[in-house]
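Only one structure is covered here, and it is reproduced in the block below.
2 protein chains.
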Amino acid sequence: MIDYLIKYFDNYVALEEEERGFIRGNISVREVLKDEILLSEGEVSTEFYFIIKGCIRLFYTVDVEEKTAFFYTENMFVSSYESFTKQTPSKHYLQAIEPTKVATISFDVAYRQLEQIPKFEFLARVMMEEELIVYQEIISSFVTLNAEQRYLKLLSSNKSLLQRIPQYQLATFLGVTPETLSRIRKRVSSKPIS
Amino acid sequence: MIDYLIKYFDNYVALEEEERGFIRGNISVREVLKDEILLSEGEVSTEFYFIIKGCIRLFYTVDVEEKTAFFYTENMFVSSYESFTKQTPSKHYLQAIEPTKVATISFDVAYRQLEQIPKFEFLARVMMEEELIVYQEIISSFVTLNAEQRYLKLLSSNKSLLQRIPQYQLATFLGVTPETLSRIRKRVSSKPIS
């Protein structure tokens, strides 16, 4: 299973057998249950994840209301950078929305990797670039689109994901009530496909 | 002036004289006018910036309306990562809100730096970590706070910045009309300081 991560790295850089060995010896695969919380608000993040299969939701709570910022899917790295790098309490939750398989990279291993294997500096940069692009995407979507436009964007970019997300979670992502979400779905499905 | 950037790097890593020379020879300082646009929507980003003095606003346009996502100030790196690294059209604008001095790092220089001076791999990572933290901050602020709370946050975290931002730009950051902003300011200034 960990070879799945190694194969992903292979897209970016040629790893020596020794480096593969380091990954196999230090990064473990974890099965996460549906609805299981990987990180809570207030907790210090000690690891980050690479999704082999499944989906992880990043959400905030305001009073008791959940506000979803992003859904991570296969082949994405999931981290709480500020908390992880500065070892400060996380401001958000990470939760699996379905049975999920992740490669787990601990704080210690991440820093040991970077010290022992210079190649991983390059990998760390590539991973962070991907993460930055995701964040810019989230920001532009929150700033420029309304609920219906965000629904349509998800529909066109990742239709299969839309079918995997529970309705109440999707509503917290769009920032609307479940009732408004129903209305959006009806309106969208009755529109001719352009 | 470029020594200001070198001094900033010194906080992170010890640079050799030759490396300082590379920076001096390849990174230039640019004076940007108030309201000058550094990057437009649709343009491909070919450089990124380090603010020595001044303030740069990141904004989107929706129809003709401006939506401000962030204000960068002194000692921050400003980049349009997706556009810069993938050489795709930018989705947002970068604009100086006051006379601003930036160190300008071009696409070519950035990649040459990374190839020639392994130390810059480390620096690139640290800069990106800072950038990721800024983005998480923007996301959490958009997702969890309303206009008045965002105004209060800016007031407590960076009061002097608040005084530098033109009112209409501040309104586009809070997502309200200038009239609503006036009401928020009045309400906040009449509250006892807690």
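Taken in order, these protein sequences are the chains called A and B.
Using my numbering, the letters of the first sequence map in sequence onto residues 29 to 222.
Using my numbering, the letters of the second sequence map in sequence onto residues 29 to 222.
No residue lacks a Cβ here, since even glycine has one placed at the ideal position from N, Cα and C.
Below 6 angstroms CB to CB, which residues in the same chain sit around residue i once its five sequence neighbours on both sides are set aside?
i: B:E176; result: I212
i: B:E47; result: I145
i: A:Q164; result: none
i: A:Y88; result: K95 and H120
i: A:Q115; result: V72
i: B:V92; result: none
i: A:Q214; result: Note that residue 214 of chain A is Lys in the sequence shown here, rather than Gln. So no residue of the chain qualifies.
With a threshold of 8 angstroms on Cβ separation, who are the neighbours of residue i within its own chain once the five nearest residues in sequence on each side are excluded?
i: B:E159; result: F105, S107 and Y109
i: B:M155; result: F105
i: A:F37; result: L43, I51 and L151
i: A:K204; result: The sequence as given places Val at residue 204 of chain A; Lys does not occur at that position. Result list for A:V204: A175 and I212, in chain order.
i: A:V57; result: M29, I30, I80, K129, V130, A131 and T132
i: A:K35; result: none
i: B:E59; result: P127, T128 and K129
i: A:N186; result: T101
Leaving aside the five residues before and after residue i along the sequence, list all residues of the same chain whose C-beta is less than 7 angstroms from its C-beta, in chain order.
i: B:T101; result: I79, C83 and L189
i: A:F112; result: S73, F76 and F135
i: A:Q195; result: P206 and L209
i: A:L202; result: A175, R178, Y179 and L209
i: B:T85; result: It is Arg, not Thr, that sits at residue 85 of chain B in the sequence shown. Hits under 7 angstroms: T96, F99, Q123, I125 and Q197.
i: A:V41; result: K147, F150 and L151
i: B:L142; result: F148, E149 and A152
i: B:P117; result: G70, E71, V72 and S111
i: A:F219; result: One detail in the question is off: residue 219 of chain A reads as Lys in this sequence, not Phe. Excluding residues within five positions, none has a Cβ falling inside 7 angstroms.
i: A:A199; result: T205, P206 and L209
Establish whether the CB of residue i and some CB of chain B are separated by less than 8 angstroms.
i: A:R140; result: no
i: A:L246; result: Here chain A has residues from 29 to 222 only, and residue 246 of chain A is not among them.
i: A:M156; result: yes
i: A:V137; result: no
i: A:K181; result: no
i: A:P146; result: yes
i: A:V171; result: yes
i: A:R153; result: yes
i: A:T101; result: no
i: A:K81; result: no
i: A:K219; result: no
i: A:K119; result: yes
Contact criterion: CB-CB distance below 8 angstroms. Does residue i meet it with respect to chain A?
i: B:Y163; result: yes
i: B:V90; result: yes
i: B:I166; result: yes
i: B:F150; result: yes
i: B:E110; result: yes
i: B:K62; result: no
i: B:A97; result: yes
i: B:T113; result: yes
Going by DSSP, name the residue or residues bridged to residue i.
i: A:T257; result: Since the first and last residues shown for chain A are 29 and 222, residue 257 of chain A lies out of range.
i: B:L67; result: B:L122
i: A:I133; result: A:F76
Less than 8 angstroms between the CB atoms is what I'm expecting for residue i and residue j, so what's the real figure, rounded?
i: A:E149; j: B:F150; result: 6 angstroms
i: A:P127; j: A:L61; result: 6 angstroms
i: B:F170; j: A:F170; result: 5 angstroms
i: A:E64; j: A:H120; result: 16 angstroms between Cβ atoms; not a contact.
i: B:L66; j: B:Q123; result: 7 angstroms
i: A:Q197; j: A:T96; result: 6 angstroms
i: A:I225; j: A:V137; result: Because chain A in this structure spans residues 29 to 222, residue 225 of chain A falls outside the shown range and cannot be described.
i: B:I193; j: B:I125; result: 6 angstroms
i: A:R153; j: B:R153; result: 6 angstroms
i: A:V162; j: B:T172; result: Between B:T172 and A:V162 the Cβ distance is about 18 angstroms, and since that is not below 8 angstroms, they are no contact.
Next on the checklist: Which complete alpha helix (DSSP H) runs does the region 70 to 119 of chain B hold, if anything under 4 residues is left out?
Outcome noted: 109 to 114
Item to check | Completely contained alpha helix (DSSP H) runs for the region 162 to 219 of chain B, where each covers 4 or more residues | outcome: 175 to 185, 187 to 192, 195 to 202 and 206 to 218
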